[in-house]
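Only one structure is covered here, and it is reproduced in the block below.
Residue numbers (our numbering): 104 to 220.
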């Protein structure tokens, strides 16, 4: 897992969580593990194959405070509505998730696990 930070007045604030995209399962599950690798702005290059996953496509994992799933059927539905097809999901290498969305879903302060390196 990688974290993109906003830098404001010399301080780093976690903004995005970038996880490997797993699309061959209905609900791939991710565990917030430390340490996180820092993702830099230059890592968002034209070869970066990522898709932003919104709160509506995330699922809480029961009894696991730091785990979440991505609901792939919802992601496919979004792609179909937006682009007319979900075929491009096979090319996605990363899911990009707002830290704010993850905190709302999990109802925990995710930032306590994410330290500015």
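Idealized CB from N, CA, C, for every residue including glycine.
These numbers come from a predicted model, not from an experiment.
Here residue 110 carries a strand assignment [DSSP, helix/strand/coil]. Contact annotation: residue 124 and residue 196 have beta-carbon atoms nearer than 9 Å. Around the beta-carbon of residue 160, 16 or more other beta-carbon atoms lie within 10 Å, marking it buried. Assignment of residue 156 by DSSP, reduced to helix, strand and coil, places it in the strand class. Under DSSP, residue 197 shares a beta bridge with 123 and 153. Beta-bridge partners of residue 173 (DSSP): 161. Between the alpha carbons of residue 183 and residue 174 lies a gap of roughly 15 Å.
When the beta-carbon positions are compared, residue 135 and residue 157 stay at least 9 Å from each other.
In the DSSP assignment, residue 140 falls within the unbroken beta strand (DSSP E) covering 140 to 142. Between residue 192 and residue 119, the CB-CB gap reaches or exceeds 9 Å.
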